[in-house]
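FYI, the numbering for the first sequence is 2 to 668, going by the working numbering.
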Amino acid sequence: MNPAGAAGGSPGFKDQLEGAATGPSLPIARVAVDSPLPHLDRPFDYAVPATMDEAAQPGTRVRVRFAGRLVDGWVLDRLPASDHDGRLSPLAKVVSPEPVLVPEILGLARAVADRWAGTLSQVVRLAVPPRHARVEAEPALPTAATPPAPAPGSWSSYLGGERFLSALGAGAAPRAVWRALPGPRWPGEIATAAQAALAAELGVVVVVPDARDLLRVAAALEEAIGAECFVSLAAELGPAERYRRWLAVRRGAVRCVVGTRAAAWAPVRDLGLVVCWDDGDDLHKEPRAPYPHIRDVLVLRAHRAGAAALIGGFGPSVEAELLVARRWAHALGADRPTVRAAAPRIEVAGDDRQQERDAAASSARLPTLAWRAARESLAAGRPVLVQVPRTGYQPAVACSQCRTPARCRHCAGPLGRTGEGSCALACRWCGRPAADWSCPICSHQGLRAMTVGSRRTAEELGRSFAGVTVRTSDREGILTQVADGPALIVATPGAEPVADNGYGAVLLLDGGAMLSRADLRAGEETLRRWLAAAALGRPASAGGVVIVMADAGLAPVQALVRWDPPGFARREYAERAELGLPPAVRMAALDGAAPDIAALLAAASPLPGSAEVLGPVPHAGADRTLVRVNRAEGTDLAARLHAGSGVLSARKETGPVRVELDPLSPV
DNA sequence: TAAAATGCATGT
DNA sequence: CATGCATTTTAC
C-alpha cells in the first residue's frame, strides 16, 4: 500500500553499506525523539540510509525505531560520526523534506525547556504546528514586497518615540517597556513599529492576548502595509489554513506575523522586532507543559536573536518593570501632561465601606457621583461602560478594619480557611496555622472573608436607568464595538467593547471584590483591568470621566487616579522583594501526591543553596509544595527539577508530579 | 514493543 | 555453576 514507506522501513544492511560507499559526508542524523519522558530528553544518533541523505536535513520530521516501536522525531543535526558506541539503527522514514524546526527556533525551544524544567519535545509541540501534507504540496505564495519606512505618526507623542522608530529602521535592536497612551491608537502604533522593522528588511513577530486584540492589530497592519505583507495566526483558523500561513512565513514569503500565543514561535526570517501587547494578561501564560509565559519567551527570543523588543500595555506588569530596573529595556512613554490630556478624569466613589462590602446594596444604591456621571454621559448622547468583576473569585481573608490582605508571618503566603466548614486559619503556601493573627498595619485582630462580585449586580443597575438600552458583553456573548449614542454597556474585564467615539463615562464597580482575591497579583491585575476599561473613555478635555468604586486609600486606586502605573509597578516590586515573592524570587510549584513530591525533591537534590521548600499544603484536590530560590539560581532549580523528574520517570515507581516554574498565582 | 540485560530455578 | 526460561530494563 505504501511501497516508499515499506522500503524506508527496512532498508537493510546493504543500503547502509551503499550509503557509506557513495559517501554522504554526514552519515549520522542526531534526532530528538518525540516523547514526554524527561529521561529521554537528549539526542539519539541514527544512521542515514543513502536514499534519505538528501531529504533528512536538520529541522525535518522523521520516524525512527525507538525501543522497538516507531516514533516521531526531529533531525537536530547531521554529523560525520557518532559518539555512541552501540549499533546505530537507520532512520525509518523522512516524513517530509520541509525543514520545519529551523535553527533559531530549535535553540529557543531548548532554552525555554531548560528555563521551565520541561523537555525539548514538549516545547517543540508548542512551537511547530502539525503538518498538513496537502498544504505542503501547494505552490508557494508570492513573496511580499518590502514596505517603505513609516512616518512616526502618533509615536511623536512619546518621549524618545521617534528615536525608537529610527533605531528600528536602522536595523538596531532597541528594547522598550512601552506605556501606551490611553485611547485606541495603540494598534496603529504597533503597526508603525512593525513597518519600520520591515522597511529595514527585518522580520517581525507581534503577540496579543486574544482574538479581539488580534483583529485590531491586523486591521492596523492592513492599513499600514497591506494584507499581503503579514499573516495573522489564530487558533480558530483550522489546521490547513494555519499551516499554510505558517509555511509562508517559514519559506520567507512573508516576514511579519501577528497572532496569539503560538505566534511567538513563528519562524520569521532575520527577526528584527518582537512585540508583546498587554503582557500582564494571563492569557499569555501557556496552559500546556512546561507552561512558559509568552512575554518571557519573546524576551528570550529577542535576546538570543539580537532583535528589538517592544513590551507594551497601558501599564507595565511587575515583570516588565523588572526588565527596566535591570536595564534590559528602557521605559518608553509620554510625558505627564500628554498622558493627562489623553486620559479621562478619574474620580473615586464608594468610600463608604459598609455599602461597598455588600454587593446587593451597592447595586441598589449606586453612589451619587457614579449615578450622576452616567446620567450626564447619557444625556450628552455618549455610551457608558460599566465594568463588573466576574463571579467565582476565591474568597480571601483580610483585616476587617483596614482590609489589608492577611499574610503568613513565616513565608508571606496568603492566609485562608482550609477544609470544608473548618475555621482553622492557615497559610495556603506553607500550611502553618495562623491562629493568633493581627493586622501588621492597624493591629486589628478581626478578619473577614471578602465578598465576590456578581453579574446580576450590574443587571439590576440597568433597571435604575429606565428607558436606556442596556447591553452586556461577557464570555458568553462578546461585543467588539459599540456605536456612539446613549446606552449602558455592562462588561466583564477583558470583554469591554470599543466605543466609536469613546465612552462618556466608565464606571468601575466592586473594586473591593477584585482587590481582595486570594492572589498575589490581585492589586496588579485589578489596576490592569481598570486601566484597560478607563483607556476606552473619552479624554478629560472631551468630557470623559471614570468613576472607580473602591477605597481611595488603596494603592491600585491611587495609581489609577494619578494614572501612574509605573509607580505602582515599582512599589509592588519593592513590596514583593521585601516579602520574598515573585518576580523578586523564582518559584516552582510541585503538584501531586505528597510522597511523590517528596521523592521528586529527593531525586532533585541537592537543590540550589538558596532553596526554601514550603508545604505541602492541599491544593486543587492534590498536594502542592512550593520551592523558592533567588533569581540567580532559577535556572539551576529548573535543571535540578528536570533531572529529578528524569530519575523518577526512569524508575517508574512514583505517580506524576506536575512541575510549574513561575506559577501565576502560587496559592 | 524488540532486543538486551538481569534474575532465578533447576539439574548437574 | 552452566543452562534455559521468565522478567525487567533500555531505549542510538
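Glycine included, each C-beta is placed from N, C-alpha and C at the ideal position.
query                                                                                                                  : result
Cα-Cα separation between leucine 333 and glutamate 634, rounded to whole angstroms                                     : 30 Å
Within 8 Å, strictly: CB atoms of isoleucine 548 and leucine 509                                                       : yes
Glycine 74, DSSP secondary structure in three states                                                                   : strand
Alanine 500 classed as buried or exposed, judged by whether at least 16 other C-beta atoms fall within 10 angstroms    : buried
Distance CB(glycine 74)-CB(proline 291) smaller than 8 Å                                                               : no
Reduced DSSP category for glycine 162 - H, G, I as helix; E, B as strand; rest coil                                    : helix
Cβ-Cβ separation, glutamate 320 to arginine 296 (assumed contact under 8 Å), whole Å                                   : 7 Å
Exposure of glutamine 446, with buried meaning 16 or more beta-carbon neighbours within 10 Å                           : exposed
Alpha carbon of proline 98 to alpha carbon of alanine 57, nearest angstrom                                             : 7 Å
Leucine 573 burial status per 10 Å Cβ neighbour count (16 or more: buried)                                             : Correcting the residue type first, residue 573 is glutamate in the shown sequence and not leucine. Under this definition glutamate 573 is a buried residue.
Through-space distance from serine 90 to leucine 41, alpha-carbon basis                                                : 17 Å
Same chain only: Cβ atoms within 8 Å of proline 657, ignoring 5 sequence neighbours per side                           : Gly593 and Asp597
Alanine 519 beta carbon less than 8 Å from that of glycine 417                                                         : yes
Continuous alpha helix (DSSP H) stretch holding isoleucine 226: start and end                                          : 212-226
Burial state of glutamate 497 (16 or more Cβ within 10 Å)                                                              : buried
Enclosing alpha helix (DSSP H) for valine 349 [first to last residue]                                                  : From DSSP, valine 349 is part of no alpha helix (DSSP H) but of the beta strand (DSSP E) over 346-350.
Where the alpha helix (DSSP H) through leucine 601 begins and ends                                                     : 595-605
Pairwise C-alpha distance: arginine 341 and histidine 1                                                                : This structure cannot settle anything about residue 1, because the visible part of the chain is limited to 2 through 668.
Residue(s) in a DSSP beta bridge with valine 276                                                                       : Val207 and Leu311
Enclosing beta strand (DSSP E) for arginine 31 [first to last residue]                                                 : 29-34
Same chain, Cβ closer than 8 Å to threonine 493, neighbours up to 5 away in sequence not counted                       : Gln388, Val389, Pro390, Arg391, Arg456, Ser474, Asp475 and Arg476
Counted within 10 angstroms of its Cβ, other Cβ atoms place aspartate 86 as buried (16 or more) or exposed             : exposed
7 Å Cβ shell around glutamate 163 - same chain, five flanking residues per side excluded                               : Pro153, Trp156 and Ser157
Exposed unless 16 or more other CB atoms sit within 10 angstroms - verdict on valine 259                               : buried
Within 8 Å, strictly: CB atoms of cysteine 403 and cysteine 440                                                        : yes
Check whether alanine 570 and proline 183 have beta carbons under 8 Å apart                                            : no
Inter-residue spacing [alpha-carbon to alpha-carbon] between tyrosine 159 and leucine 215                              : 23 Å
Of the listed residues Pro583, Ala651, Glu377 and Ser650, nearest to leucine 627 (C-alpha basis)                       : Pro583
Option in Ala168, Arg213 and Glu242 with minimal Cα separation from threonine 193                                      : Ala168
3 or more residues per run - each beta strand (DSSP E) lying fully within the stretch 248-296                          : 257-260 and 272-278
Range covered by the beta strand (DSSP E) that runs through glutamine 388                                              : 385-388
Exposure of histidine 411, with buried meaning 16 or more beta-carbon neighbours within 10 Å                           : exposed
Contact check, alanine 177 vs leucine 311, beta carbons under 8 Å                                                      : yes
Other residues of its chain near threonine 339: CB distance less than 6 Å, five sequence neighbours each side excluded : Ser158
Rounded C-alpha distance that separates arginine 472 from leucine 109                                                  : 45 Å
Three-state class that DSSP yields for leucine 528 in the structure shown                                              : helix
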